[in-house]
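**Q** Sharing a structure with you now.
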Amino acid sequence: MYAQLVETGLAKVRSADDMSPEEQAFQARIDAGVKIEPKDWMPEAYRKTLVRQISQHAHSEIVGQLPEANWVTRAPTLERKAILLAKIQDEAGHGLYLYSAAETLGVSRDALLGDLHSGKAKYSSIFNYPTLSWADMGAIGWLVDGSAIINQIPLCRCSYGPYSRAMVRVCKEESFHARQGYDIMLALCRGTPEQKQMAQDALNRWWWPALMMFGPSDAESVNSAQSMQWRIKLFSNDELRQRMVDQTIPQIEYLGLTVPDPDLKWNEERGRYDFGEINWDEFHNVLRGNGPCNRERLATRKKAYDDGAWFRDALVAHADKRAARKAA
Ligand code: BYC
């Protein structure tokens with residue numbers, strides 16, 4: 019089983035009897051829907067859980083730039099290239115808001131990046147798959163950013179103020195990303211038979227990894243119960259995954275494509291779709307660092323960081339000079 023790398027000190031959800039008076043007051047504020055702000059008292063385990071989730075989220079944003087970067091020079095038109103570049107720049111911005119939100123919890127950005135580069139910190143499994151055709155740009159925007167919206171809209175209402183506020187702008191931008199992805203898929207599906215086949219191939223390869231983005235099943239999710247008590251998470255992994263399926267199937271039908279799941283069928287009683295079993299062995303394998311692109315993604319990130327050392331040094335030297343001039 020994949021390791022839980024951050025020890026928050028909590029093996030299970032704590033009942034009111036196990037809580038100190040401070041913790042009880044903290045939980046009462048959360049239950050009343052009051053936001054927790056950086057200078058407020060918080061349990062150490064709450065702080066650590068937030069640092070874990072927000073930093074993993076930030077890492078996902080910046081590693082998430084890499085699969086799409088592959089297609090900037092190959093975009094079919096100038097307009098598509100400009101849109102793709104804008105999207106990739108947005109992801110860098112999301113990373114910045116999220117690292118800033120994590121820093122309000124008393125961790126440094128250098129330490130967080132150090133954990134990413136050493137392989138200690140996770141980032142989303144989805145970014146360890148290759149982008150083989152232009153249709154993958156459509157599938158990522160539509161399915162990956164689409165899933166991100168479903169996961170992140172509830173985070174706009176999460177209990178930690180800086181995280182919830184960062185999510186508002188992120189979600190607006192993700193919505194543009196999802197639309198541009200669907201627009202690419204529509205253009206391909208209205209094109210030649212070969213172009214439609216490219217779209218189908220991309221759907222076949224991204225469908226299951228997109229469903230894995232929501233994390234392990236509720237029965238296997240070690241962090242969910244506590245995170246839901248603290249309103250860091252508002253809905254379970256399985257609930258959000260189900261929403262993604264229910265929302266996306268009509269979009270697939272509109273494109274005239276086929277869902278790569280023979281077990282998918284509408285369940286009249288539930289008013290939702292039933293779908294096939296996810297390949298959890300594949301998910302765990304990717305989390306252990308053995309997906310098709312894990313090593314390449316990490317090596318590219320490290321190189322980008324090392325290549326930027328001169329620029330960070332120059333910024334510090336400039337700031338020192340200005341401070342010295344001001345002091346003089
Ligand atoms: N990939 O107990 P669980 C984006 C880990 S950015 C890798 O359910 P939790 C985008 C999990 O961390 C997408 N690891 O955990 C960017 C935990 O391990 P640790 C990222 C995963 O935290 C650019 C263990 O499995 N979105 O969309 O309650 C371009 C057990 O899981 C994954 C966010 O980060 C995974 N898919 O729930 C385009 C959103 N799933 O840490 C798009 C914020 C689970 O104990 N994060 N793990 O060692 C969340 O909502 C939650 O952290 C998760 C997991 C639902 C992801």
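Plus 18 on top of the position in the sequence shown (first one is 1) and you've got my numbering. Cβ coordinates follow ideal geometry from the N, Cα and C atoms, glycine included. Since we're looking at a predicted model, the values are computed, not measured.
#1: State the start and end residues of the unbroken beta strand (DSSP E) segment that holds N285.
#2: What would DSSP say about R290, mapped onto helix, strand or coil?
#3: Of all the options L161, R343, A139 and A243, which has the alpha carbon lying nearest to the alpha carbon of R70?
#4: Could you tell me the distance, in whole angstroms, from the CA atom of I48 to the CA atom of L229?
#5: Where does G27 sit, in a helix, a strand or coil, going by DSSP?
#6: Which same chain residues, not among the five before or five after P278, have their C-beta less than 7 angstroms away from its C-beta?
#7: Taking only three categories from DSSP, how would you classify I296?
#8: Is the closest heavy atom of the ligand BYC to the C-beta of R70 under 8 angstroms?
#9: If you follow the alpha helix (DSSP H) that C189 is part of, which residue opens it and which one closes it?
#10: Using three-state DSSP, classify I270 as helix, strand or coil.
#11: What separation, rounded to the nearest whole angstrom, lies between the Cα atoms of R249 and T95?
#12: Between the beta-carbon of L116 and the beta-carbon of H75, is there less than 9 angstroms?
#13: So, does the region 171 to 187 touch the region 89 to 104, judging by three or more C-beta pairs under 8 angstroms?
#14: By Cβ distance below 7 angstroms, which residues in the same chain neighbour Q198 in space, the five residues on each side in sequence not counted?
#15: I'd like to check one pair, G137 with G307: are the Cβ atoms closer than 9 angstroms?
#16: Could you check if A166 belongs to the surroundings of the ligand BYC, using beta carbon to heavy atom distance under 8 angstroms?
#17: Check this for me: beta carbons of S73 and A120, under 9 angstroms apart or not?
**A** A quick look at the data gives this:
#1: K283 to N285
#2: R290 falls in the strand class under three-state DSSP.
#3: Of all alpha-carbon atoms in L161, R343, A139 and A243, the one lying nearest the alpha-carbon of R70 is that of A139.
#4: Roughly 30 angstroms between the two C-alpha positions.
#5: With a pLDDT of only 42 at G27, under 50, the local geometry of the prediction cannot be trusted, and no value is derived from it.
#6: L221, N222 and W225
#7: coil
#8: yes
#9: G179 to C207
#10: helix
#11: T95 has its alpha-carbon roughly 44 angstroms from the corresponding atom of R249.
#12: The Cβ atoms of L116 and H75 lie closer than 9 angstroms to each other.
#13: Contact between the region 171 to 187 and the region 89 to 104 is absent, because fewer than three Cβ pairs lie under 8 angstroms.
#14: I101, K105 and G159
#15: yes
#16: yes
#17: yes
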